[in-house]
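Okay, structure first, notes after.
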Amino acid sequence: MNLLFAASESQPFFKTGGLADVVGALPHALKETSDDHIQVILPYYNQFMKDHFADRLELVKTDITIHLGWRRQRADLLKLNEKGITYYFIKNNYYFDRANIYSYYDDGERFVFFSKAVIAALPHLEKDPDIIHCHDWQTGLVPAFLKAYGLHYKTVFTIHNLQYQGILQNSAFDDLINLGGEHYFGMEWNGLINCLKAAVHHSDLITTVSPTYAEEIKSPFFGEGMHSLLNDKSDILRGVLNGIDTASYDPANDSYIPHPYHHSPEKKRSNKESLQAELGLPVNGDIPLIAMVTRLADQKGLPLVADVFPELMERPIQFVLLGTGDPGLEQYFRDISSHYPEQASIRTYFDEGLARRMYAGADFLLIPSRFEPCGLSQLIALRYETASIVRETGGLKDTIHPFNPETGTGNGFTFHQSDAYEMLGCIDHALTVYADENQWSALLENIYKAEVDWKTSARVYQDLYQQLS
């Protein structure tokens, strides 16, 4: 089977979030378990392409014409073979040679262009794909264009986060999309053009990144206005849990951490003490250390932590946070942590090395998300033998199961409601388990057994692809 992945970012080239991790890892997992020929097509962000990749790029086709209303834009198609995967890049300096990957006023136009360029690139690919697997709203128009142009490729569309839908002004239908009026219904949403709706309406199969999220998004609370349509599409909607790249995230071979380890509480304690010293906290291997590596946003549950932060500091713990986001939340945590210099260290920026040292040094990772399609942090925490404290939503519910001291089952700690004091009670339970050597050892044994790689999910995707072919 020939597969083509279309996305706006992917490791190891361009990354702003979990989408890049998924698009980077899933093709390799599929290669390990099948003979499928896999290609990936991405925008070419000039300012983010590392030289050791750029130097190896091949020019496949130059000056491909893309029509956007009255505009005539040009694209070059570049190619790179990397670890058995063929990557293609759509190069257009006007749209993609910028200081950032997203957050421009014309993002809608940029990714309409990219979606049309994916279609235009198909005749020039190494292999004609049997299935085109599109990811998130930036490629949401690809299934729509394929259907409108009468091109009989099967399509899979993955929703990574339903909150981001790619909303364009209604005028974009005539000004950019340029299809006949019969196609308008499949893209219109509340008087606007919705790229994600276009994908849901036109795709042969819809997936999202965890089984629980696949059910949640059919409800008004989680559905972001799309719940009715997603209920109508229930027969082709599947939840497939994400994994992580366990070769990259490997505490036994992680150059970012000072004391590599595998199933070793002693070396993990050494990483905690090194982290405490790095962050200016008192070095004490016995004190429970709770970490957050997160975007500072309402979705991630930061207001819950803010609501009870003084009460949290009454516990005999240390708390460390790394991340950026809402300026008000950043300022709040910087200000309040200054009152607890012996217990709290806040870093409102992002640093990959420090993030990994936090995963390695923390006893607990706190993830109180209001909603979480899948979440990768709790999977990384499992890999780094760190217990997660999570709200039961989306992929957090599918991957973290509450530890039961009576039966010794479970690999973490969970709470149900998006409530600050229920979260605090869950933290107290986790601290009780931490203080009991036998219970903590039983929890760690369960964490050691966790499977967080892509193998199982890759097999699920292969079955889904086979059903379409």
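Just so you know, the sequence shown maps onto residues 1 to 469 in the UniProt record's numbering. Yeah, the Cβ is synthetic: ideal placement off N, Cα and C, and Gly gets one too.
Excluding residues up to 5 positions away in sequence, 202 lie with their Cβ nearer than 7 angstroms to the Cβ of residue 147 in the same chain. Residue 40 sits buried, since 16 or more C-beta atoms from the chains shown fall within 10 Å of its C-beta. Nearest to residue 312 by C-alpha distance, out of 369, 132, 336, 300, is 336. Looking at 424, 299, 415, the one whose alpha-carbon comes closest to that of residue 317 is 424. Residue 20: member of the alpha helix (DSSP H) spanning 18-33, first to last residue.
Secondary structure of residue 320 (DSSP, three-state): strand. Here residue 79 is buried, its C-beta having at least 16 other C-beta atoms within 10 Å. A residue is called buried once 16 or more other Cβ atoms fall within 10 Å of its Cβ, and residue 140 is buried on that count.
Assignment of beta strand (DSSP E) within the stretch 186-273, counting only whole runs of 3 or more residues, yields 192-194, 205-208, 237-239 in chain order.
In this structure, the CA atom of residue 249 is about 19 angstroms from the CA atom of residue 274.
Residue pairing by DSSP places residue 114 opposite no residue, since no beta bridge is assigned to it. C-alpha of residue 441 to C-alpha of residue 301: approximately 29 angstroms in a straight line.
The continuous alpha helix (DSSP H) containing residue 95 extends over residues 93-96. Around the beta-carbon of residue 221, fewer than 16 other beta-carbon atoms lie within 10 Å, marking it exposed. For residue 295, DSSP records no beta bridge to any residue.
When the Cα atoms are used, residue 342 and residue 320 turn out to be separated by approximately 11 angstroms. The residues 420, 421, 423, 424, in chain order, have a CB closer than 8 angstroms to that of residue 308 in the same chain once the five nearest residues on each side in sequence are set aside. Take the alpha-carbon of residue 18 and the one of residue 88: they are about 20 angstroms apart.
Across the structure, residue 125 and residue 245 are spaced so that their CA atoms are roughly 27 angstroms apart.
Burial state of residue 70 is exposed, judged by a 10 Å Cβ sphere holding fewer than 16 other Cβ atoms. Contact between the stretch 3-12 and the stretch 24-39 is present: three or more C-beta pairs spanning the two stretches fall below 8 angstroms. Rounded to the nearest whole angstrom, the C-alpha separation of residue 100 and residue 48 is 9 angstroms. Residue environment: residue 205 is assigned as buried (16 or more neighbouring CB atoms within 10 Å of its CB, all protein chains considered). Burial of residue 304 is indicated by the presence of at least 16 other C-beta atoms within 10 angstroms of its C-beta. Rounded to the nearest angstrom, the gap between the Cα atoms of residue 372 and residue 232 is 23 angstroms. At the C-beta level, residue 375 and residue 396 come within 7 angstroms of one another. Cβ-Cβ distances below 6 angstroms link residue 179 to 148 in the same chain, with the five nearest sequence neighbours on each side left out; the list follows chain order. Unbroken beta strand (DSSP E) runs of no fewer than 3 residues, entirely contained in the stretch 367-441, are found at 387-391, 412-415, following chain order.
Per the C-alpha coordinates, the member of 83, 46, 240 positioned closest to residue 24 is 83.
Annotation for residue 43: the continuous beta strand (DSSP E) segment containing it runs 37-43. Around the Cβ of residue 411, a 10 Å sphere holds 16 or more other Cβ atoms; the residue is buried. DSSP lists 86 as the bridge partner or partners of residue 81. Counting along the chain, the unbroken alpha helix (DSSP H) around residue 311 starts and ends at 309-312. Of the candidates 154, 176, 458, the residue whose Cα lies closest to the Cα of residue 108 is 176. Taking the CA atoms as reference points, residue 379 sits about 15 angstroms from residue 357. Rounded to whole angstroms, the separation of the alpha carbons of residue 8 and residue 110 is 11 angstroms.
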